[in-house]
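Protein chains in written order, with our numbering: chain H, 2 to 216; chain W, 2 to 216. Every residue, glycine too, gets a C-beta built ideally from N, C-alpha and C. Note sheet for the following structure.
Number of protein chains: 2
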Amino acid sequence: MTRPIGKTIRVVIVDDHPMLREGTRVCLERAPGIAVVGVTGIGREAIHLVAEHRPDVLLLDLRLPDISGVEVARQVRAAYADTAIVVLTGYGDAGYLRALRPLGIRGYLAKTATDAEIVDAVRRAAAGCTMVTSQSEGEILTEPLTPREREILRRLVAGQRNAEIAAALLISAKTVEYHVSNIFTKLGARSRAEAIRIAHEQGILLLEDAGRNQE
Amino acid sequence: MTRPIGKTIRVVIVDDHPMLREGTRVCLERAPGIAVVGVTGIGREAIHLVAEHRPDVLLLDLRLPDISGVEVARQVRAAYADTAIVVLTGYGDAGYLRALRPLGIRGYLAKTATDAEIVDAVRRAAAGCTMVTSQSEGEILTEPLTPREREILRRLVAGQRNAEIAAALLISAKTVEYHVSNIFTKLGARSRAEAIRIAHEQGILLLEDAGRNQE
DNA sequence: CCGTGACCCAGGGTTTTCCCCAGGACCCTA
DNA sequence: TAGGGTCCTGGGGAAAACCCTGGGTCACGG
Chain H
2 MTRPIGKTIR
12 VVIVDDHPML
22 REGTRVCLER
32 APGIAVVGVT
42 GIGREAIHLV
52 AEHRPDVLLL
62 DLRLPDISGV
72 EVARQVRAAY
82 ADTAIVVLTG
92 YGDAGYLRAL
102 RPLGIRGYLA
112 KTATDAEIVD
122 AVRRAAAGCT
132 MVTSQSEGEI
142 LTEPLTPRER
152 EILRRLVAGQ
162 RNAEIAAALL
172 ISAKTVEYHV
182 SNIFTKLGAR
192 SRAEAIRIAH
202 EQGILLLEDA
212 GRNQE
Chain W
2 MTRPIGKTIR
12 VVIVDDHPML
22 REGTRVCLER
32 APGIAVVGVT
42 GIGREAIHLV
52 AEHRPDVLLL
62 DLRLPDISGV
72 EVARQVRAAY
82 ADTAIVVLTG
92 YGDAGYLRAL
102 RPLGIRGYLA
112 KTATDAEIVD
122 AVRRAAAGCT
132 MVTSQSEGEI
142 LTEPLTPRER
152 EILRRLVAGQ
162 RNAEIAAALL
172 ISAKTVEYHV
182 SNIFTKLGAR
192 SRAEAIRIAH
202 EQGILLLEDA
212 GRNQE
């Protein structure tokens, strides 16, 4: 898993901001022993680039125009385990991290990172080091939500009432109350507003449900 | 107000992402007739840079570590009206635009913009053109919230109950109900959950209150 | 076969929110 | 001095949310 010293670290950069891509590219290419072999802002193209170049490190933004960076990480992790993944996190992405932990990400990097920090993170990732903050950003959700609960939580966050949710799902309002109550228990919330806040903080709604947002 | 043709366009770049700053800088310096005279990621330093260099164009990010980009824009607009301001907007910044319109911003630019778009935007801004999308990003909030209402909305979004808000602000619960009701009317919401959603969408809570987040 | 978990429904209770109504104090500007 | 805006306070009532209890079906695996 660890790379021999002296070999050039090959990096693929994935971010949907051209300017940030460019800045990161010149920054990394100025560093000795690091070469940027691919750059893109599109998720599917990122997977192709990894398949083609088999880079040592994948610098990956989570917000991409086509598919989620989480999805890219999952596929790369499954098919090309030799590539170390370093996630570039923006402002509101703290919730994503929870979902990424089981995927074996090699490091997290804030987008506000400086030249030195990025070069350092890339070098460490290539060397096999795992930089996980893990203990930060609050506690982990003990009990996971069921699909039905996520469905209802999503509508709750959207501002729907119990009665509206019941009508949309063709179930009774009492059943909605039941699920909402369970959601509160699992999230540790005491009101809808609190549940909404926690859902945002933990990023519960941002995950794998991207494919069925069609109403 | 318009600049004579042939003169070099002098630009100051303000963004808290070093990589994006660097990318934008090299991009602009590659373009003929454009020179970057200052670069920073800090709001107060941005104002100093403008005062010192009197640039033709200020490329301004809205999220800065110290003071809001909105505040920077306001001060620059007031003291150095010759400097055209082009705002760099990220993902969730749609709400900011509402607050910026009365300030006479010369242009809005998505952070996902390409080299050509940025160079073009800078040239147009320096030439006196105003590029306002204005009609996009949904409806504009007709009535702005009062400071008291924003304060209460912030707590509402944080998940506090009316009684808790009342206790925190040392006012009666009935008064909180009154403000909450007014907030609903102004936002077009029918419940707290809806108000929270709208507040997030419009970015109402992200504005100038950065300086008093201390509880 | 029986336990477990997810899902569904219901009654009955308290609490909170929501939506009208009303009035008074303060500051700023015209 | 008179208005207008903001902030504060209050009552009463309907609606929604919240919290507990109790049922039931279905699919899964020991």
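With distances taken from CA atoms, which of the options is nearest residue i?
i: residue 76 of chain H; options: H:166, H:38, H:184 and H:47; result: H:47
i: residue 152 of chain W; options: W:43, W:184 and W:129; result: W:184
i: residue 59 of chain H; options: H:178, H:122, H:156 and H:164; result: H:122
i: residue 116 of chain W; options: W:25, W:64 and W:195; result: W:25
i: residue 200 of chain W; options: W:150, W:162, W:170 and W:165; result: W:150
i: residue 109 of chain H; options: H:70, H:166 and H:79; result: H:70
i: residue 52 of chain W; options: W:62, W:28, W:80 and W:107; result: W:80
i: residue 61 of chain H; options: H:106, H:83, H:27 and H:171; result: H:106
Would you tell me roughly how many angstroms separate the C-alpha atoms of residue i and residue j, rounded to the nearest one?
i: residue 120 of chain H; j: residue 30 of chain H; result: 10 Å
i: residue 168 of chain H; j: residue 176 of chain H; result: 11 Å
i: residue 125 of chain H; j: residue 114 of chain W; result: 31 Å
i: residue 140 of chain W; j: residue 85 of chain H; result: Low local confidence applies: a pLDDT of 47 at residue 140 of chain W is under 50, so the model's placement there is unreliable, with the coordinate-based value given in what follows. Each residue's alpha carbon lies about 44 Å from the other.
i: residue 180 of chain W; j: residue 68 of chain W; result: 28 Å
i: residue 15 of chain W; j: residue 42 of chain W; result: 5 Å
i: residue 12 of chain H; j: residue 37 of chain H; result: 5 Å
i: residue 44 of chain W; j: residue 203 of chain H; result: 30 Å
i: residue 1 of chain H; j: residue 64 of chain H; result: Not covered by the structure: residue 1 of chain H. The range shown for chain H is 2 to 216.
i: residue 188 of chain W; j: residue 182 of chain H; result: 28 Å
i: residue 10 of chain H; j: residue 127 of chain H; result: 7 Å
i: residue 174 of chain W; j: residue 87 of chain W; result: 44 Å
i: residue 171 of chain H; j: residue 191 of chain H; result: 26 Å
i: residue 20 of chain W; j: residue 32 of chain H; result: 14 Å
i: residue 195 of chain H; j: residue 82 of chain W; result: 44 Å
i: residue 50 of chain H; j: residue 50 of chain W; result: 41 Å
i: residue 137 of chain W; j: residue 148 of chain H; result: Only weak support exists for where residue 137 of chain W lies, its pLDDT of 38 falling under 50; the value from the coordinates is given anyway. About 35 Å.
i: residue 118 of chain H; j: residue 27 of chain H; result: 14 Å
i: residue 165 of chain W; j: residue 166 of chain H; result: 27 Å
i: residue 178 of chain W; j: residue 186 of chain H; result: 27 Å
Since residue i contacts residue j with CB under 8 Å, what's their CB separation in whole angstroms?
i: residue 54 of chain W; j: residue 39 of chain W; result: 5 Å
i: residue 193 of chain W; j: residue 157 of chain W; result: 6 Å
i: residue 111 of chain H; j: residue 90 of chain H; result: 6 Å
i: residue 198 of chain H; j: residue 159 of chain W; result: 6 Å
i: residue 17 of chain H; j: residue 66 of chain H; result: 6 Å
i: residue 155 of chain W; j: residue 206 of chain W; result: 6 Å
Residues from the segment 191–205 of chain H in contact with chain W, defined by Cβ distance under 9 Å
Correct list: 191, 192, 193, 194, 195, 196, 197, 198, 199 and 201.
Report the residues of the segment 156–171 of chain H with a CB closer than 9 Å to any CB of chain W, ordered along the chain.
So the list reads 157, 158, 159, 160, 161 and 162, given in the order they occur along the chain.
Mind pulling the alpha helix (DSSP H) runs of 4 or more residues that sit fully within the segment 133–207 of chain W?
148–159, 163–170, 174–188 and 193–203
Length-filtered (3 minimum) beta strand (DSSP E) runs lying within the segment 38–95 of chain W:
58–62 and 85–90
For the segment 105–137 of chain W, enumerate the residues whose C-beta is nearer than 8 Å to any C-beta of chain H, in chain order.
112, 113, 114, 115, 116 and 119
Any residues in the segment 19–48 of chain H with a beta carbon nearer than 9 Å to a beta carbon of chain W? Which ones, in chain order?
19, 20, 21, 22, 23, 24, 25, 26, 27, 28 and 42
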